[in-house]
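One structure is given here, and the rest of the page talks about it.
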Amino acid sequence: MSRQAGHLDRALAAFRAGEPVLIHDFDDREGETDLVYPAGAVTPAAVARLRNDAGGLICVAVSDRVADAVGLPFLEDQIDHPAAASHDLGYDDRSSFSLTVNHRDTFTGITDDDRARTITELASMASTVEAGVDYDADDFAAEFRAPGHVHVLRGAANGLDDRLGHTELGLAMAAETDRPAAVVVCEMLDDETGRALSTDAARAYARRNGFPYVEGEELVAALS
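This is the structure we're talking about:
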């Protein structure tokens, strides 16, 4: 087994076990490292880590199949406002953002407990859809309300063949590890510069905490 293959296998084993993985996308794309969890494994303590140690936007990416089954749109297609007329991203053709939601059994939706509940219930929803159970937009609405405090992202239809974002990288890991098609992604930011955390600093964080760190190109080569 090559060193690179063993490194990736360790990352996949950690993800399969419900542990977080740091994923750096590409220097010529966002150039960011995200802290990524299987959504079903997220606890209130994990939400605290995401907001304290990562600091970016806590999002749940779901696959195109899951999003389509429950009628989750691309948000830019739903906004009737001039601000949404031209979505000129410097790193991609379109944003993955869909609705923001809270689970209906949460209170404000923003606490660590509330967000963990919403996130794990989104994973349960994804698992239900993937199992072939009849679960549609009305069923989704019975469980979740919008707007809320958890940002949902919609993965590209053909995954990494269509788009190389953290959304698709995380979902590819979920598929490879037999996890539901729902993953938490959160950008890691630097408290001193306010910019994206450098790859050296992200690797150091991963070493300190015993978390795997992988490059997007490794995942694309192995999983696409």
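Those letters in the sequence shown? Residues 63 to 286, by my numbering. Built from N, CA and C at the ideal position, the CB exists for glycine as well.
Using a Cβ-Cβ cutoff of less than 8 Å, which residues in the same chain neighbour residue i once the five nearest sequence positions on both sides are dropped?
i    : result
L74  : M235, E238 and T239
Y197 : A131, V132, M187, T190 and V191
G102 : G80, T182, A185, S186, S189, R241, P242 and A244
L281 : L70, I85, L222, L231, A234 and M235
Is the distance from the Cβ of residue i to the Cβ of residue j below 8 Å?
i    : j    : result
V287 : A208 : What is shown of the chain runs 63 to 286, which leaves residue 287 out entirely.
G227 : S286 : no
D174 : P106 : yes
S260 : D252 : yes
L233 : A123 : yes
I172 : H213 : no
R303 : F136 : Here the chain covers residues 63 to 286 and nothing more, so residue 303 does not appear.
L119 : E249 : yes
H86  : A263 : no
Keeping to the same chain, check which residues put their C-beta closer than 6 Å to that of residue i; ignore five residues upstream and five downstream.
i    : result
A199 : V132 and G133
A268 : L84 and Y275
R127 : none
R225 : A218
N271 : none
A110 : D174
A147 : none
D115 : none
What does residue i pair with, by DSSP beta-bridge criteria?
i    : result
A249 : Here the sequence assigns Glu to residue 249, which means Ala is not the residue at that position. E249 pairs with D96.
F280 : Per the sequence presented here, residue 280 reads as Glu, with Phe not at that position. Bridge partners of E280: none, in fact.
T162 : H213
I85  : D96 and V276
R207 : N164
A264 : Beta-bridge pairing links A264 to no other residue.
A244 : V124
A258 : L251
So, at 7 Å on beta carbons, what are the nonlocal neighbours of residue i in its own chain, with the 5 sequence-adjacent residues on each side left out?
i    : result
S64  : With a pLDDT of 46 at S64, under the threshold of 50, the predicted position of this residue should be treated as unreliable, though the coordinate-derived value follows. No residues qualify anywhere along the chain.
H165 : R179, T180, E183, E205 and F206
D167 : R179
R113 : I120
Out of the options, point me to the one whose CA is closest to residue i's CA.
i    : options                   : result
L231 : E205, T95 and E138        : T95
R216 : A204, C121, E192 and A264 : C121
E279 : G93, A76, R78 and M250    : G93
V104 : D87, P82, G117 and F88    : P82
R78  : V98, N220, A116 and R127  : V98
A284 : D142, D223, E249 and M250 : D223
A108 : G221, F202, R177 and R270 : R177
E138 : S160, A219, T168 and G117 : S160
S125 : M250, A147 and V246       : V246
T255 : H69, H86, R225 and G117   : G117
F202 : A129, N114 and D115       : A129
F88  : L112, D115, A147 and A258 : A258
Query raised in the report: Which residue spans inside the region 95 to 133 form an unbroken alpha helix (DSSP H) run of at least 4?
Result: Qualifying alpha helix (DSSP H) stretches, in chain order: 106 to 111 and 126 to 131.
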